[in-house]
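Q:
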Amino acid sequence: MTANELDTTTRVLELKKISKQYGSEPAVHALVDVDLSLERGEWLSITGPSGAGKSTLLNIIGCLDRPTSGSFFFDGIDTATLSDTQRAGLRSQRIGFVFQSFHLLPYGTVLENVMLAEVYRKQDNRGRRDRARAAIGRVGLSQRADFLPGKLSGGEKQRVAIARALVGSPSLLLCDEPTGNLDSKSSAAILDLLEKLNQEGLTLVVVTHNKEVANRAARRVHLVDGSLTDVTNGENGKRSTGSPAAPVKTTVSQSGIAIRDLLNEALAGMLARPVRMMLTVLGVAIGLTALVATVGLTRTAGNRIISQFDRVAATELFITAKPGKITGIVDPKAIPWDAPTRLRRLNGVVAAGTMSEVHVGNALASSSPVRDPLNQTAFKLSVYAASPDLFRAVRAELETGRLPDAGHSSRADRVAVLGPDAARRLGIVSLGQIPAISIGDHLYLVVGILRDVARRPELLGSVIIPEGTARHDFWLAGPGRVVVETKIGATYLIADQARLALRPDDPQVLKIEVPQEPKRLRDEVQTDLSAMFLLLGGLSLVVGAIGIANITLIGVMERTGEIGLRRAIGATRGHITAQFLLESGSMGVIGGVIGASLGILIVVVVSAYQVWTPVLDPAAPVLAPLVGGVIGLLSGTYPALRAARLEPVEALRN
Ligand code: ADP
Ligand code: MG
Numbered sequence: 000m001t002a003n004e005l006d007t008t009t010r011v012l013e014l015k016k017i018s019k020q021y022g023s024e025p026a027v028h029a030l031v032d033v034d035l036s037l038e039r040g041e042w043l044s045i046t047g048p049s050g051a052g053k054s055t056l057l058n059i060i061g062c063l064d065r066p067t068s069g070s071f072f073f074d075g076i077d078t079a080t081l082s083d084t085q086r087a088g089l090r091s092q093r094i095g096f097v098f099q100s101f102h103l104l105p106y107g108t109v110l111e112n113v114m115l116a117e118v119y120r121k122q123d124n125r126g127r128r129d130r131a132r133a134a135i136g137r138v139g140l141s142q143r144a145d146f147l148p149g150k151l152s153g154g155e156k157q158r159v160a161i162a163r164a165l166v167g168s169p170s171l172l173l174c175d176e177p178t179g180n181l182d183s184k185s186s187a188a189i190l191d192l193l194e195k196l197n198q199e200g201l202t203l204v205v206v207t208h209n210k211e212v213a214n215r216a217a218r219r220v221h222l223v224d225g226s227l228t229d230v231t232n233g234e235n236g237k238r239s240t241g242s243p244a245a246p247v248k249t250t251v252s253q254s255g256i257a258i259r260d261l262l263n264e265a266l267a268g269m270l271a272r273p274v275r276m277m278l279t280v281l282g283v284a285i286g287l288t289a290l291v292a293t294v295g296l297t298r299t300a301g302n303r304i305i306s307q308f309d310r311v312a313a314t315e316l317f318i319t320a321k322p323g324k325i326t327g328i329v330d331p332k333a334i335p336w337d338a339p340t341r342l343r344r345l346n347g348v349v350a351a352g353t354m355s356e357v358h359v360g361n362a363l364a365s366s367s368p369v370r371d372p373l374n375q376t377a378f379k380l381s382v383y384a385a386s387p388d389l390f391r392a393v394r395a396e397l398e399t400g401r402l403p404d405a406g407h408s409s410r411a412d413r414v415a416v417l418g419p420d421a422a423r424r425l426g427i428v429s430l431g432q433i434p435a436i437s438i439g440d441h442l443y444l445v446v447g448i449l450r451d452v453a454r455r456p457e458l459l460g461s462v463i464i465p466e467g468t469a470r471h472d473f474w475l476a477g478p479g480r481v482v483v484e485t486k487i488g489a490t491y492l493i494a495d496q497a498r499l500a501l502r503p504d505d506p507q508v509l510k511i512e513v514p515q516e517p518k519r520l521r522d523e524v525q526t527d528l529s530a531m532f533l534l535l536g537g538l539s540l541v542v543g544a545i546g547i548a549n550i551t552l553i554g555v556m557e558r559t560g561e562i563g564l565r566r567a568i569g570a571t572r573g574h575i576t577a578q579f580l581l582e583s584g585s586m587g588v589i590g591g592v593i594g595a596s597l598g599i600l601i602v603v604v605v606s607a608y609q610v611w612t613p614v615l616d617p618a619a620p621v622l623a624p625l626v627g628g629v630i631g632l633l634s635g636t637y638p639a640l641r642a643a644r645l646e647p648v649e650a651l652r653n
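The opening residue of the sequence shown carries number 0 in numbering that gives the first Met the number 0; numbering runs sequentially from there.
Shown next, in the form of structure tokens:
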């Protein structure tokens, strides 16, 4: 520490021609040319009628307000040169405030209330508890350290307030009607305590209406209409001889609060009224639950529809011939034989094959080659003619054997493939014995048995023979139906092009079946499900935001005294804003966490109930608390700013 950082002045206060003026037209002259100085160890009382300017003077002495003109030195430091945070620093380190209505936080113990004194002191909190205990000891309340203020008498509460003001050995104890709320016995005890502290060397300024209280001070000044008159002669005032004036530091550290302390204060502020906090949080929680659940359920439902369609329907297309307008009869030659070849030329077609029901008259199918009208092994089975590519177009899976190829068809070979149901009815389980079946007069070699088809399930119970064979054996006139598999998303394009590709001469003779557009269906489901819940969720969020704003605003009003106290012990307007924003923001975040959890739970439960696969957005657990926090911050902004604007001394009045 260098020499010029120290000052050996014995003056704690020095006011030179201090004036304070409020407004301009008309201007209120709250203080007029006040000269006042106070030596270390003095006890000064200030009296005066209401409206005389006592609060104004107290505000200036307490570094809570700046004078309009004049100069004010505190511990030899020109306060005009200090920034707001440095003045807050002075308050927290060198001035102890004691007020008429104690201003203890009801939710903290005596010890915690006294420890609050150091929160805005920007020093590390080691030893904070011990320093607080020492201060409590000085006011004789060691036995009550762990009591809540509610259990203390008025006199004891004021002792706690004094202990809080003593932490860190201030240069000045500033008391505003310290006995105003106390009975005469407690008053006397507090005055005795103040006297003891004064004798130990503490400098005191006491503002009071009470003559008895004023008379305990060695020096008394009286304020009338902003002007000061010294009642005692300043030179005659007794001064404490307790301790010699020690040099004081002339550098001023800023006030500040550690993040941990800020979090603790905000948490304590919220937990002080737990039920109210939970009800406030509920609004945001409900809103976000609705939003998370809606988005999750919509996605889950959407996903379910996509997967159902995606496999088959989204890629399939069927072409048949329309019945003639006049005749009402389907022209069997409407679809050309080379339809698959023509369609395959279109970009987007994966496979195309024809499939025609073969009219076999009364012919029965039988696995026995012997014709026997009484033979019970003969059935009426449907017979289909297939072009070689049909099997791909219907996504046929083979159980055993092989599928007929283009050669079988062009040579009109008598081969057949059986659907699994047809094979079972015919009693054919394997191809080991080279089974054959008869249809009417003809015998067909079974070359394969199907296991399943994804499209056209009628094939499962049928006998399928090559198209060329059917033309030869049963005079098949033309393909009955074309089955097309397209690439995903190409169905509608192909549907447009297929008519011209197959029948440029008469496109309207063809009938094209496309699946209902899955995307459109999904959108419908989504809109149905979402619109209302999104609206409800949004509405809830607004209600939640208003709730937070409302509760925070009520909190600010209720906690006026607390806010004043925090300002007095060193909080800047910024610190007050930060604490209230942190409280409202945290309520929003808590609402968000609850909302995200409940929303996800709802999606999972509904999915389990519907046997759907839940689709959860991994961003939801992060986003919901974030949204909640932003809502909390936004709705807390106005109350927080109002809290910061409060004038501390007025806030502390009652
Ligand atoms: P006291 O505390 O002695 O009752 P105050 O210091 O509160 O007196 O007020 C002194 C005078 O200044 C009063 O006339 C009061 O109306 C006026 N005054 C105080 N604060 C303000 C303000 N913020 N704006 C305008 N006038 C004020
Ligand atoms: Mg006043």
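Think of the CB as a built atom: it goes at the ideal place given N, C-alpha and C, for glycine as much as any other residue.
Looking at C-alpha atoms only, which residue of P177, T340, G598, E466 is the closest neighbour of V206?
A: Start at 1 with the first residue of the sequence shown, and residue 206 comes out as number 207. Checked all of P177, T340, G598, E466; the closest Cα to V206 is P177.
Q: Assuming contact is defined by CB atoms lying nearer than 7 Å, are G347 and I493 in contact in what I supplied?
A: Position 348 of the sequence shown, counted from the start, is the residue given in the question as residue 347. Position 494 of the sequence shown, counted from the start, is the residue given in the question as residue 493. Yes. Within cutoff.
Q: Buried or exposed, going by whether 16 or more other CB atoms sit within 10 Å of the CB of E234?
A: Looking up residue 234 in the sequence shown gives position 235. Residue placement at E234 cannot be trusted, given a pLDDT of 46 that sits under 50; the coordinates are not used to answer.
Q: For ligand 1, is there any heavy atom lying closer than 6 Å to the beta carbon of T228?
A: As a working note, residue 228 is residue 229 in the sequence shown. Answer for T228: no, Cβ out of range of ligand 1.
Q: Label L342 either buried or exposed according to how many other C-beta atoms from any shown protein chain fall within 10 Å of its C-beta, with 16 as the threshold for buried.
A: In the sequence shown, counting from the first residue as 1, residue 342 sits at position 343. By the neighbour-count rule (16 or more Cβ atoms within 10 Å), L342 is buried.
Q: Run the Cβ filter for me: residues under 5 Å from any heavy atom of ligand 1, listed in the order they occur in the chain.
A: Taking each Cβ in turn, the ones that pass are Y21, V27, A29, S49, G50, A51, G52, K53, S54, T55.
Q: On the three-state DSSP scale, how would you describe T319?
A: Start at 1 with the first residue of the sequence shown, and residue 319 comes out as number 320. Note: T319 maps to strand in three-state DSSP.
Q: Here's the rule I'm using: 16 or more other beta-carbon atoms within 10 Å means buried, otherwise exposed. How should W42 be labelled?
A: Along the sequence shown, read from residue 1 onward, the residue named residue 42 stands at position 43. Its Cβ being crowded by 16 or more others within 10 Å, W42 is buried.
Q: I think M269 touches E582, with their Cβ atoms under 8 Å apart; what is that distance to the nearest whole Å?
A: The residue given as residue 269 occupies position 270 in the sequence shown. The residue given as residue 582 occupies position 583 in the sequence shown. Rounded, the Cβ-Cβ distance is 5 Å, consistent with contact.
Q: May I ask you to report which of helix, strand or coil DSSP gives F378?
A: Here residue 378 refers to the residue found at position 379 of the sequence shown. F378: strand per DSSP, three-state reduction.
Q: For a test of the three-state rule: what should DSSP assign to E582, helix, strand or coil?
A: Translated into the one-based positions of the sequence shown, residue 582 becomes position 583. Residue state, collapsed to three classes: helix.
Q: Just to confirm, is the Cβ distance from G352 to L389 under 7 Å?
A: If you number the sequence shown from 1, residue 352 lands on position 353. If you number the sequence shown from 1, residue 389 lands on position 390. Result yes, Cβ atoms of G352 and L389 sit closer than 7 Å.
Q: Could you say which of G546, I436, D32 lies nearest to S226 if we only look at CA atoms?
A: In the sequence shown, the residue the question calls residue 226 occupies position 227. Taking only the C-alpha atoms, the option nearest S226 is D32.
Q: For P465, which three-state DSSP category applies?
A: Taking the first residue of the sequence shown as position 1, residue 465 is located at position 466. Three-state result, P465: strand.
Q: Provide the residue span of the alpha helix (DSSP H) that contains T228, from first to last.
A: Working through the sequence shown from its first residue, we reach residue 228 at position 229. That residue, T228, is in no alpha helix (DSSP H); its beta strand (DSSP E) goes 226–229.
Q: Label I545 either buried or exposed according to how many other C-beta atoms from any shown protein chain fall within 10 Å of its C-beta, with 16 as the threshold for buried.
A: Sequence index remark: in the sequence shown, residue 545 carries index 546 (1-based). That one is exposed.
Q: Are the segment 487–504 and the segment 429–445 in contact at 8 Å, needing three or more beta carbon pairs?
A: With a cut-off of 8 Å, the segment 429–445 and the segment 487–504 do not count as touching, because too few Cβ pairs lie within range.
Q: Does the beta-carbon distance from V357 to V382 come in below 7 Å?
A: Here residue 357 corresponds to residue number 358 of the sequence shown, with the count starting at 1. Here residue 382 corresponds to residue number 383 of the sequence shown, with the count starting at 1. For V357 and V382, yes; Cβs fall inside 7 Å.
Q: Compute the Euclidean distance between the alpha carbons of G241 and E199, then round it to the nearest angstrom.
A: Mapped onto the sequence shown, residue 241 falls at position 242. Mapped onto the sequence shown, residue 199 falls at position 200. With a pLDDT of only 47 at G241, under 50, the local geometry of the prediction cannot be trusted, and the value read off the model is given with reservation. About 5 Å.
Q: Quick one, which of E194, R272, G107 has its alpha-carbon nearest V138's?
A: Here residue 138 corresponds to residue number 139 of the sequence shown, with the count starting at 1. Comparing Cα positions, the closest option is E194.
Q: Just how far apart, CA to CA, sit G563 and F101?
A: Working through the sequence shown from its first residue, we reach residue 563 at position 564. Working through the sequence shown from its first residue, we reach residue 101 at position 102. If I take the Cα positions, the gap works out to 12 Å.
Q: Give the secondary structure of S355 by DSSP, where H, G and I count as helix, E and B as strand, and everything else as coil.
A: The sequence position of residue 355 within the sequence shown is 356, counting from 1. It is a strand residue.
Q: Name the DSSP bridge partner or partners of Y608?
A: On the sequence shown, position 609 is the one that residue 608 refers to. Y608 is not bridged to any residue.
Q: Going by the beta-carbon positions, is the gap between Q578 and E117 smaller than 7 Å?
A: To locate residue 578, count along the sequence shown from 1; it is residue 579. To locate residue 117, count along the sequence shown from 1; it is residue 118. No. Outside cutoff.
Q: Can you tell me the Cα-Cα spacing of S185 and V113, whole angstroms?
A: For the purposes of this step, residue 185 is taken as residue 186 along the sequence shown, with counting starting at 1. For the purposes of this step, residue 113 is taken as residue 114 along the sequence shown, with counting starting at 1. Their backbone Cα atoms lie some 20 Å apart in a straight line.
Q: How many Å lie between S606 and L363 at the Cα?
A: Sequence index remark: in the sequence shown, residue 606 carries index 607 (1-based). Sequence index remark: in the sequence shown, residue 363 carries index 364 (1-based). If you take the alpha carbons of S606 and L363, they lie about 50 Å apart.
Q: Just to confirm, is the Cβ distance from T9 to H221 under 7 Å?
A: Reading the sequence shown from its first residue, position 10 is the one you call residue 9. Reading the sequence shown from its first residue, position 222 is the one you call residue 221. Against a cut-off of 7 Å, the Cβ pair of H221 and T9 comes out as no contact.
Q: Flag this pair as yes or no: are the beta carbons of L597 and T288 separated by less than 7 Å?
A: For the purposes of this step, residue 597 is identified with residue 598 of the sequence shown, where counting begins at 1. For the purposes of this step, residue 288 is identified with residue 289 of the sequence shown, where counting begins at 1. Going by C-beta atoms, L597 is nearer than 7 Å to T288.
Q: Quick check on K156: buried or exposed, where buried means 16 or more other Cβ atoms within 10 Å of its Cβ?
A: Start at 1 with the first residue of the sequence shown, and residue 156 comes out as number 157. With 16 or more other Cβ atoms within 10 Å, it is buried.
Q: Less than 7 Å between the C-beta atoms of D83 and S170, yes or no?
A: As a position in the sequence shown, residue 83 is number 84, starting the count at 1. As a position in the sequence shown, residue 170 is number 171, starting the count at 1. Not in contact: D83 and S170 (Cβ atoms no closer than 7 Å).
Q: Label I448 either buried or exposed according to how many other C-beta atoms from any shown protein chain fall within 10 Å of its C-beta, with 16 as the threshold for buried.
A: Start at 1 with the first residue of the sequence shown, and residue 448 comes out as number 449. Answer is buried; the Cβ neighbour count reaches 16.
Q: Within the same chain, show all residues whose beta-carbon is closer than 6 Å to that of A271, passing over the 5 residues directly before and after it, in chain order.
A: Numbered from its first residue, the sequence shown carries residue 271 at position 272. Cβ within range, chain order: Y106.
Q: Can V555 and A642 be called in contact, C-beta distance under 7 Å?
A: Counting from 1 along the sequence shown, the entry for residue 555 is found at position 556. Counting from 1 along the sequence shown, the entry for residue 642 is found at position 643. Yes, the pair counts as a contact, with Cβ atoms nearer than the cut-off.
Q: Please state the DSSP three-state secondary structure of S183.
A: Locating residue 183 in the sequence shown gives position 184, counting from the first residue. In this structure, S183 counts as helix in the three-state DSSP scheme.
Q: Could you check the C-alpha separation between V604 and V462 for me, to the nearest Å?
A: Residue 604 sits at position 605 when you count from the first residue of the sequence shown. Residue 462 sits at position 463 when you count from the first residue of the sequence shown. Their Cα atoms are separated by approximately 47 Å.
Q: Compute the beta-carbon to beta-carbon distance between V329 and R401, rounded to the nearest angstrom, for a pair I have assumed lies under 8 Å.
A: Residue mapping note: residue 329 aligns to position 330 of the sequence shown, counting from 1. Residue mapping note: residue 401 aligns to position 402 of the sequence shown, counting from 1. The pair is not a contact, with the Cβ atoms about 33 Å apart (cut-off 8 Å).
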